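Read through the structure below, which is laid out as structure tokens, and then see the notes.
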Amino acid sequence: MRIAEESKDFGRLKHVDVKFHYLRDLVRQKKIVLQYITTVDQQADMMTKSLPVLAFRKHCAGVGLANSSG
1026 MRIAEESKDF GRLKHVDVKF HYLRDLVRQK KIVLQYITTV DQQADMMTKS LPVLAFRKHC
1086 AGVGLANSSG
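In our numbering, the protein residues as written are 1026 to 1095.
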């Protein structure tokens, strides 16, 4: 996030994908705002990590998934 938000040129990042530079331009133009999300609130974790049942249910509800069994 720091690299995308800072305006200085990071010369070592010349290998970075064009998509990143597009994102960086959107941040500079204030068309998007990057926001840090703690791991407790990161809903994508339900797809990438083994979570306790309550955390999994919280994330499912957060993205609009419901239990189909009733």
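Note that beta-carbon positions come from the ideal geometry of N, C-alpha and C, so glycine has one too. What you are looking at is a predicted structure, and each value in this text was computed from that prediction instead of being measured.
Query	Result
Continuous alpha helix (DSSP H) assignments of at least 4 residues falling wholly in the segment 1056 to 1090	1070 to 1073, 1078 to 1087
Alpha-carbon spacing of VAL1065 relative to LYS1055, whole angstroms	27 angstroms
Distance between LEU1076 and ARG1053 (C-alpha atoms, nearest Å)	36 angstroms
Inter-residue Cα distance where the pair is MET1072 and LYS1044	23 angstroms
Alpha carbon of ASN1092 to alpha carbon of VAL1078, nearest angstrom	13 angstroms
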